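Asker: Could you have a look at this structure, given as structure tokens, before my questions?
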Amino acid sequence: MEICIKIEPIPGESPKMFGRHFDETDFLVSKISRQSIDACKDYFRDDLLKTDWQLMVELKKIFQIL
Numbered sequence: 011m012e013i014c015i016k017i018e019p020i021p022g023e024s025p026k027m028f029g030r031h032f033d034e035t036d037f038l039v040s041k042i043s044r045q046s047i048d049a050c051k052d053y054f055r056d057d058l059l060k061t062d063w064q065l066m067v068e069l070k071k072i073f074q075i076l
């Protein structure tokens with residue numbers, strides 16, 4: 011399986027490089043917002059599984075989204 015991700019550097023910091031700053035063993039998460047959660051509820055509610063919603067709850071905790 012192959013994936014593609016985009017890692018945006020924090021302003022003023024150098025870009026992060028695979029193999030130098032992180033590798034396949036690191037824990038990576040998707041950045042979410044209240045707006046993206048609401049869009050999932052509005053447009054993909056029936057497509058997402060219970061495990062998807064559980065992951066959303068965990069990401070909300072990580073990113074402190076109310």
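This note's numbering numbers the first residue of the sequence shown as 11 and each following residue consecutively. Here a beta-carbon is modelled for each residue, glycine too, at the ideal position from N, C-alpha and C. Computed from a predicted structure; not experimentally measured.
In chain order, what residues of the same chain have a beta carbon less than 8 Å from the beta carbon of I42, not counting five sequence neighbours either side?
Answerer: Around I42: M66, L69, K70, F73, I75.
Asker: Closer than 7 Å to a non-hydrogen atom of the ligand MG - does that hold for the CB of L65?
Answerer: With respect to small molecules bound, the structure shown includes none, and the ligand MG cannot be examined in it.
Asker: Just how far apart, CA to CA, sit E34 and G22?
Answerer: Approximately 25 Å, taken between the alpha carbons.
Asker: At what residue ranges does the segment 28–59 contain a whole run of the alpha helix (DSSP H), taking only runs of 4 or more?
Answerer: For the segment 28–59, whole alpha helix (DSSP H) runs of length 4 or above, ordered along the chain, are 44–54.
Asker: Who are the near neighbours of I47 in its chain, counting only those whose CB is closer than 8 Å to its CB and skipping five residues on each side?
Answerer: Within the same chain, I47 has close Cβ partners M66, K70, I75.
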